[in-house]
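K.L.:
The structure that follows is given in the form of structure tokens.
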Amino acid sequence: MERKSSILNVGQARNKTRIEYLGEGGTMELRANQLQKRTIDCLSLDTLSICETQWYFAELCLDYVDVDSFENDDADVEDYRDILSWCASVMASSPSARLLLKEASEKDWKITAEDLRGSDYFIDVEEKLLILDNNALLPCALGKSEYFRNMMLVTMIKALRDIWQEKRHGGFDALYSPDHILLMERIRAADLDVIAVLVAWELRAEDYTDLWRHLIGSEIGDMAMCFSGYLERDPSAQFNGQALVSAYKQWFRCSKRIDSCDHDALEYMDDVLASYEAINPFGTKKPSKMNVEILSCLPDKTAYLQGLGTEILSNPVYSSVDNVINQTHLFHIMYDLQAVVVEDVPFRDADLARKIFPVE
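No gaps in the numbering here: position 49 of the sequence shown is 1490 in my numbering, and each next residue is one more.
What follows is the structure, encoded as structure tokens:
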């Protein structure tokens, strides 16, 4: 597939009617001592046959691939770079996605595609490597499947947003208690889907409608319809963030999304407990409304959840754990934090544990 050189044109929009969360120098950056999410082998790198071919985002952004290039059945797809370059070329038409791509390029992030056996993507923060799931398809098969190409495009958008969040906020486990970790992970997961909806809408305005149609038929189709329906009633909502708020709230109306997010967060907390010798490796901080609102900060430094932090923290719609299995899982974690384990026997009383298993 022929590649043409292009310059990634980055634009930035500002809305002076909303607060801008700015750090030193006008840019919200991750401080050197910012706690990052602990690296746990939830998806062990040792079990992955990671493709030796990796590409810098800066390289992909210099490739220009016609967004309609795969419409031709004779399109020559040599490797995953052709697919990833196509994704980057499509994203370059979205103002929000351009900024995410620009940051990943400037920070020397790399990307590859591999069969992750059900996981959407894997982020290695230390190596600055993003691994996208290829759904066990060869590059030529991806090139011929509009559905799986758009699925990979959505995954890349969400993964780049996750990288953007990780850089600024790190992990939650070292700061918050388990129940608050669940809430913060929900907020972050909902934001990833909201950004996917936003980018798809921006691409729709640029005459690339395939991704929007793909989202309508996806698991977050209800969010996309809620977003577009709000804009039909109030076109100004595209500029004041209210349409994004509508899509965000819709995320919490699906118990399947909440339960899945909680399950992943609880599994991660189990791995944290198993990997650290500390009795309680988690933090004790309670998130503030600013901690919540700042997670919705867009690349243009405006926050669509501004003013909603208190409601999200207090409303059980956002924080309650209704799934019985996840409830039990959370209670077990809380119990493990209070117990003293000696010789694989849990004790509530440390003195009793020492009496039964005295230290020699």
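Where is the CB? At the ideal position from N, CA and C, for every residue including glycine.
1. Look up Phe1563 in the DSSP assignment and give the residues it is bridged to.
2. Going by beta carbon distance, what residues of the same chain come within less than 7 Å of Cys1702, once the five residues before and after it are set aside?
3. Which two residues bound the contiguous beta strand (DSSP E) that contains Glu1555?
4. When you compare each of Tyr1521, Leu1542, Ser1537 and Gln1495 to Leu1579 by their alpha carbons, which one comes out closest?
5. To the nearest angstrom, how far is the alpha carbon of Phe1613 from that of Ala1688?
6. According to DSSP, simplified to helix, strand and coil, what is Thr1743?
7. Rounded to whole angstroms, what is the Cα-Cα separation between Glu1660 and Arg1698?
8. Sort out for me which residues DSSP pairs Cys1738 with in a bridge.
9. Nearest to Ala1646 by CA position, among Gln1779, Asp1504, Pro1536 and Glu1512, is which residue?
10. Please determine whether the Cβ atom of Ile1604 lies at a distance below 7 Å from any heavy atom of the ligand FAD.
11. List the residues that DSSP assigns as beta-bridge partners of Trp1496.
12. Taking Phe1772 as the reference, give the member of Asp1711, Ile1636 and Asp1574 with the closest Cα.
13. Is it true that the CB of Val1686 sits closer than 8 Å to the CB of Met1664?
14. Comparing C-alpha positions only, which one of Cys1667, Lys1548 and Asp1603 sits nearest to Cys1738?
15. Here's the rule I'm using: 16 or more other beta-carbon atoms within 10 Å means buried, otherwise exposed. How should Arg1590 be labelled?
16. Span of the alpha helix (DSSP H) holding Arg1602?
17. Shortest alpha-carbon distance to Arg1539 belongs to which of Glu1567, Phe1511, Leu1501 and Ile1572?
18. Excluding the 5 residues preceding and the 5 following Gly1466 in the sequence, name in chain order all residues of the same chain whose CB lies nearer than 8 Å to its CB.
19. Looking only at its own chain, which residues have a Cβ that is under 7 Å from the Cβ of Gln1691, when we skip the five neighbours before and after it?
20. Quickly, what does DSSP pair Lys1726 with across the bridge? List them, please.
21. Is Ala1545 near Leu1594, with beta carbons less than 8 Å apart?
22. Mark Ile1753 as exposed unless 16 or more other C-beta atoms lie within 10 angstroms of its C-beta, in which case mark it buried.
23. I need the boundaries of the alpha helix (DSSP H) containing Ser1701, first residue and last residue.
24. So Gly1750 and Val1733 are in contact, right, with Cβ under 8 Å, and what is the actual spacing, rounded?
25. Name the two residues that bound the continuous alpha helix (DSSP H) containing Gly1658.
26. Helix or strand or just coil, what does DSSP make of Tyr1505?
27. Quick check: the Cα distance between Arg1654 and Ser1755, rounded to an integer number of angstroms?
28. To the nearest angstrom, how far is it from the Cα of Phe1693 to the Cα of Val1758?
29. Taking the alpha-carbon positions, what's the Asp1763 to Met1775 distance?
30. Give the C-beta separation of Cys1528 and Met1597 to the nearest angstrom, bearing in mind that I take them to be a contact with Cβ-Cβ under 8 Å.
P.N.:
Looking at the coordinates:
1. Here residue 1563 is taken as the residue at index 122 of the sequence shown, counted from 1. In the DSSP assignment, Phe1563 forms a beta bridge with Ile1572.
2. Here residue 1702 is taken as the residue at index 261 of the sequence shown, counted from 1. Apart from sequence neighbours up to five positions away, the residues of its chain that approach Cys1702 with a beta-carbon distance below 7 Å are Glu1626, Arg1627 and Ala1630, ordered along the chain.
3. Taking the first residue of the sequence shown as 1, we reach residue 1555 at position 114. That run of the beta strand (DSSP E) goes Lys1551 to Glu1555.
4. By 1-based counting over the sequence shown, the position of residue 1579 is 138. The candidate whose alpha carbon is nearest that of Leu1579 is Tyr1521.
5. The residue you call residue 1613 lines up with position 172 of the sequence shown. The residue you call residue 1688 lines up with position 247 of the sequence shown. Roughly 24 Å between the two C-alpha positions.
6. For this step, residue 1743 is matched to residue 302 along the sequence shown. Thr1743 sits in a strand when the DSSP states are folded into three classes.
7. Locating residue 1660 in the sequence shown gives position 219, counting from the first residue. Locating residue 1698 in the sequence shown gives position 257, counting from the first residue. The alpha-carbon atoms of Glu1660 and Arg1698 are separated by roughly 9 Å.
8. Position 297 of the sequence shown, counting from 1, holds the residue named residue 1738. Ala1744, per the DSSP bridge assignment.
9. As a position in the sequence shown, residue 1646 is number 205, starting the count at 1. Of the candidates Gln1779, Asp1504, Pro1536 and Glu1512, the residue whose Cα lies closest to the Cα of Ala1646 is Pro1536.
10. The ligand content of the structure shown is nil, which means the ligand FAD is not present either.
11. Reading the sequence shown from its first residue, position 55 is the one you call residue 1496. DSSP lists Ile1552 as partners of Trp1496.
12. As a first step, residue 1772 must be located in the sequence shown, where it is residue number 331. The option with the nearest alpha carbon to Phe1772 is Asp1711.
13. Against the sequence shown, residue 1664 aligns to sequence position 223. Against the sequence shown, residue 1686 aligns to sequence position 245. Not a contact, by the Cβ cut-off of 8 Å.
14. Along the sequence shown, one-based indexing puts residue 1738 at 297. Of the candidates Cys1667, Lys1548 and Asp1603, the one whose C-alpha sits nearest the C-alpha of Cys1738 is Asp1603.
15. The sequence position of residue 1590 within the sequence shown is 149, counting from 1. It is buried - the Cβ of Arg1590 has at least 16 other Cβ atoms within 10 Å.
16. What you label residue 1602 is simply residue 161 of the sequence shown in a count that begins at 1. Annotation for Arg1602: the continuous alpha helix (DSSP H) segment containing it runs Glu1587 to His1610.
17. Along the sequence shown, read from residue 1 onward, the residue named residue 1539 stands at position 98. Here the closest residue by C-alpha is Leu1501.
18. Reading the sequence shown from its first residue, position 25 is the one you call residue 1466. Low confidence applies to Gly1466: its pLDDT is 36, below 50, so where it sits in the model is not reliable, and the reading given next is rough at best. Non-local C-beta neighbours of Gly1466 in its own chain, meaning closer than 8 Å and more than five positions away in sequence, are absent.
19. For the purposes of this step, residue 1691 is identified with residue 250 of the sequence shown, where counting begins at 1. Contacts found: Asp1663, Met1664 and Cys1667.
20. What you label residue 1726 is simply residue 285 of the sequence shown in a count that begins at 1. BP columns for Lys1726 point to Tyr1617.
21. Along the sequence shown, read from residue 1 onward, the residue named residue 1545 stands at position 104. Along the sequence shown, read from residue 1 onward, the residue named residue 1594 stands at position 153. No, they are not a contact pair.
22. As a working mapping, residue 1753 is identified with position 312 in the sequence shown. Counting Cβ neighbours within 10 Å, Ile1753 comes out buried, since at least 16 surround it.
23. Looking up residue 1701 in the sequence shown gives position 260. Where Ser1701 is concerned, the enclosing alpha helix (DSSP H) stretches over Ser1696 to Ser1716.
24. Against the sequence shown, residue 1750 aligns to sequence position 309. Against the sequence shown, residue 1733 aligns to sequence position 292. Contact flag correct, Cβ pair sits at about 4 Å.
25. If you number the sequence shown from 1, residue 1658 lands on position 217. For Gly1658, there is no enclosing alpha helix (DSSP H), as DSSP marks it with neither H nor E.
26. Your numbering for residue 1505 matches position 64 in the sequence shown. Tyr1505: strand per DSSP, three-state reduction.
27. As a working mapping, residue 1654 is identified with position 213 in the sequence shown. As a working mapping, residue 1755 is identified with position 314 in the sequence shown. Roughly 35 Å separates the two Cα atoms.
28. The count along the sequence shown starts at 1 and reaches residue 1693 at position 252. The count along the sequence shown starts at 1 and reaches residue 1758 at position 317. For Phe1693 and Val1758, the distance between alpha carbons rounds to 7 Å.
29. Indexing the sequence shown from 1 puts residue 1763 at position 322. Indexing the sequence shown from 1 puts residue 1775 at position 334. C-alpha separation (whole angstroms): 17 Å.
30. Mapped onto the sequence shown, residue 1528 falls at position 87. Mapped onto the sequence shown, residue 1597 falls at position 156. The pair is a contact, with the Cβ atoms about 5 Å apart (cut-off 8 Å).
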